[in-house]
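Student: In numbering that gives the first Met the number 0, the protein residues as written are 0 to 166. Before I ask anything, here is the structure I am working with.
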Amino acid sequence: MEYKLAEIHEISTLSPATQIAVRGLYANINPSLASLYPLFSSEKYYYHHGVYLGNGKVAHIAGENKADAKPCICDLHQFWKGALDGKLYRVEFHSSVEILPVEKTLTKAQEVLADPSKWPGYQLHNNNCETFATWLTTGIHRSAQVTQAVSFAVNNAIGSLERIFRG
0 MEYKLAEIHE
10 ISTLSPATQI
20 AVRGLYANIN
30 PSLASLYPLF
40 SSEKYYYHHG
50 VYLGNGKVAH
60 IAGENKADAK
70 PCICDLHQFW
80 KGALDGKLYR
90 VEFHSSVEIL
100 PVEKTLTKAQ
110 EVLADPSKWP
120 GYQLHNNNCE
130 TFATWLTTGI
140 HRSAQVTQAV
150 SFAVNNAIGS
160 LERIFRG
């Protein structure tokens, strides 16, 4: 699922049901796995995703740790303050991606926030913050970052095997 991130310069331009993101460090996802992250990305950071609900509120996945992470709501500034680069980004999907109507996105968010058990438990590879935000805004359960990480890891593995077999 193709998208680009556009920096938001004015919060007043942020509309309800907009998917947003902030940059964070991979090591903060699971510090015990920090040494493995170079296998999945040439970057040291990832993007934490949420959906702006309006009135300064954001729906996203969070918790004390990843084991108890679930859909929740927070203040926009709380979501933003964790940004590694201090920037807030709007997720702009490729024109081929159908965006759900605002009311449908907001209704889905309200339903899951009212009963977080309606969203499967957090899993980095399958049910992460990006998957949640993308599902709310498009209806598609997918994480482009996970897809890119898997592709990066597979390409690295293939390259290593080719070097081994070539001698």
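The beta-carbon is built from N, C-alpha and C at its ideal position, and this holds for glycine as well. What you are looking at is a predicted structure, and each value in this text was computed from that prediction instead of being measured.
Where does residue 49 land, buried or exposed, given buried means 16+ other C-beta within 10 angstroms?
Tutor: buried
Student: Measuring only the C-alpha atoms, how far is residue 61 from residue 77?
Tutor: 12 Å
Student: Pop quiz: residue 68 and residue 46 are said to be a contact at Cβ under 8 Å. What is the actual Cβ separation, rounded to whole angstroms?
Tutor: Between residue 46 and residue 68 the Cβ distance is about 16 Å, and since that is not below 8 Å, they are no contact.
Student: Pairing CB atoms from the region 109-118 with CB atoms from the region 82-101, are three or more of them under 8 Å?
Tutor: no
Student: Please state if the CB of residue 133 and the CB of residue 142 are separated by a distance shorter than 8 Å.
Tutor: yes
Student: With DSSP collapsed to three states, give me the class of residue 10.
Tutor: helix
Student: Return the Cβ separation of residue 59 and residue 73 in integer angstroms, given the expectation that the two are a contact with Cβ distance under 8 Å.
Tutor: 7 Å
Student: Looking at the unbroken alpha helix (DSSP H) that takes in residue 52, where does it start and where does it end?
Tutor: Note, residue 52: premise wrong, no alpha helix (DSSP H); beta strand (DSSP E) at 44-53.
Student: Which partner residues does residue 59 have in the DSSP bridge list?
Tutor: 49 and 71
Student: Relative to the alpha-carbon of residue 75, which residue among 2, 5 and 17 has its alpha-carbon at the smallest distance?
Tutor: Comparing Cα-Cα distances from residue 75 to each of 2, 5 and 17, the minimum goes to 17.
Student: Excluding the 5 residues preceding and the 5 following residue 144 in the sequence, name in chain order all residues of the same chain whose CB lies nearer than 7 Å to its CB.
Tutor: 45, 46 and 129
Student: Going by C-alpha distance, which of 56, 5, 110 and 82 is nearest residue 24?
Tutor: 82
Student: If we count the other Cβ atoms within 10 Å of its Cβ and call it buried at 16 or more, is residue 5 buried or exposed?
Tutor: exposed
Student: Quick one: Cα of residue 96 to Cα of residue 165, how far?
Tutor: 42 Å
Student: Quick check: does the Cβ of residue 78 come within less than 7 Å of any heavy atom belonging to the ligand ADP?
Tutor: This structure does not include the ligand ADP; it has no bound ligands of any sort.
Student: To the nearest angstrom, how far is the alpha carbon of residue 14 from that of residue 163?
Tutor: 52 Å
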